[in-house]
Amino acid sequence: MAVDLLTTNETYFYREPKHFNFLQSVLAEWQGEKAPLIWSAACSSGEEPYTIAMLMAEAFGSRPWHILASDISMRMLESARTALYPLSRAKELPTSFLKKYCLKGHGDFEGYLLLEDKLKQRVQFAQRNLMEPQQLETKVDVIFLRNVLIYFDNKTKSQIINNLSRCLKPEGLLFIGHSDLCMALASNLLPLNRRYIATKGHAHEQECVFKTG
Ligand SMILES: C[S@@+](CC[C@H](N)C(=O)[O-])C[C@H]1O[C@@H](n2cnc3c(N)ncnc32)[C@H](O)[C@@H]1O
760 MAVDLLTTNE TYFYREPKHF NFLQSVLAEW QGEKAPLIWS AACSSGEEPY
810 TIAMLMAEAF GSRPWHILAS DISMRMLESA RTALYPLSRA KELPTSFLKK
860 YCLKGHGDFE GYLLLEDKLK QRVQFAQRNL MEPQQLETKV DVIFLRNVLI
910 YFDNKTKSQI INNLSRCLKP EGLLFIGHSD LCMALASNLL PLNRRYIATK
960 GHAHEQECVF KTG
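The sequence shown: position 154 = 913 (my numbering), numbered continuously.
Shown next as structure tokens:
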């Protein structure tokens, strides 16, 4: 598909650890009756939603929870559903998570990891184009929109952020990749979206996590 040629699918487990450390603290303090619903909106081959799934499993264990994950590329979604990865994609993943949630490949699969079924089943993959208006069955608590905005012009970036913000519950969180944010700031994206308030947190987290008012 043409989009595969235009964008990179690069991703890995625990990419930009500060985001996941921050999410971990949010999950630890979660007050909601139900576990939060999280959407990875440009999930590529799945490492991002599966990293989130590991944090959810730590926080909510066998309680009911699931994660939404989408990408425009069917090729990436297929790879995400298979959940077989070169070990090099897990360099940033804490060893305890690797041991707990991944199976180590042997023989023909030497150098690979396979995600545990228990975790795989918690992630629902679907094809979605961020450039189209988004409709979800229910609003979500958290959206990860990382390392994808860089491919769009300023007007489209703004439309995407606005579309996605309508899918967030009040007090919902939006995570944007560090590289995306520089572009966003340069393009005056934040002033266009006055509903977003940067969370009061540590400097880096504050830079890239936004909250609906
Ligand atoms: C670099 S990856 C980012 C993966 C992950 N979010 C991360 O930060 O590691 C960018 C992904 O955006 C997807 N993408 C590009 N254009 C898109 C669109 N219009 N709608 C949905 N996904 C899109 C690509 O297929 C690719 O998998």
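Note that the Cβ used here is the ideal one computed from N, Cα and C, for glycine as well.
Stretch-stretch touch, CB-based, cutoff 8 Å, three pairs: the segment 836–851 with the segment 798–816: yes
Report whether the distance from the Cβ of I831 to the nearest heavy atom of ligand 1 is below 8 Å. Within the cutoff, so yes.
Out of curiosity, what's the CA-to-CA distance linking T841 and E775? 23 Å
Residues near A943 in its chain [Cβ-Cβ closer than 7 Å; skip 5 each side]: In this prediction, A943 scores a pLDDT of 48, lower than 50, which makes its location untrustworthy; no coordinate-derived value is stated.
Determine the extent of the beta strand (DSSP E) in which V785 is found, giving its start and end residues. Not the beta strand (DSSP E): V785 falls in the alpha helix (DSSP H), residues P776 to A787.
For L836, report the span of its alpha helix (DSSP H) as first-last. According to the DSSP assignment, L836 belongs to the alpha helix (DSSP H) that extends over M833 to T841.
Given that a residue counts as buried once 16 or more other Cβ atoms are within 10 Å of its Cβ, and exposed if not, what is H865? exposed
Hey, is S847 close to ligand 1, as in C-beta under 8 Å from one of its heavy atoms? no
Rounded to whole angstroms, what's the CA-CA distance from D912 to I920? Just pull it up for me. Taking the Cα positions, D912 is about 12 Å away from I920.
What is the DSSP secondary structure of D830, counted as helix, strand or coil? D830 falls in the strand class under three-state DSSP.
Could you tell me if R905 is buried or exposed, where buried requires 16 or more neighbouring beta carbons within 10 angstroms of its beta carbon? Under this definition R905 is a buried residue.
Helix, strand or coil: which one does DSSP assign to Y809? helix
If you run the structure through DSSP and keep just helix, strand and coil, what is N768? coil
In terms of residue numbering, what span does the alpha helix (DSSP H) encompassing L742 cover? As shown, the chain starts at 760 and ends at 972. That puts residue 742 outside it, with no answer to give.
I want to check one thing, is the minimum distance from the CB of T767 to the heavy atoms of ligand 1 below 8 Å? yes
Using only the heavy atoms of ligand 1, determine whether one of them is closer than 8 Å to the beta carbon of F907. A small correction: the amino acid at residue 907 is Val; Phe does not occupy that position in the sequence shown. Yes, the beta carbon of V907 sits closer than 8 Å to at least one heavy atom of ligand 1.
Given the structure, does M835 come close to ligand 1, in the sense that its CB is under 8 Å from one of the ligand's heavy atoms? yes
Mind checking whether the beta-carbon of C802 lies closer than 8 Å to any heavy atom of ligand 1? yes
What are the boundary residues of the beta strand (DSSP E) that includes F884? Annotation: the continuous beta strand (DSSP E) that includes F884 extends over V882 to Q886.
Consult DSSP for F934 and reduce its assignment to one of helix, strand or coil. strand
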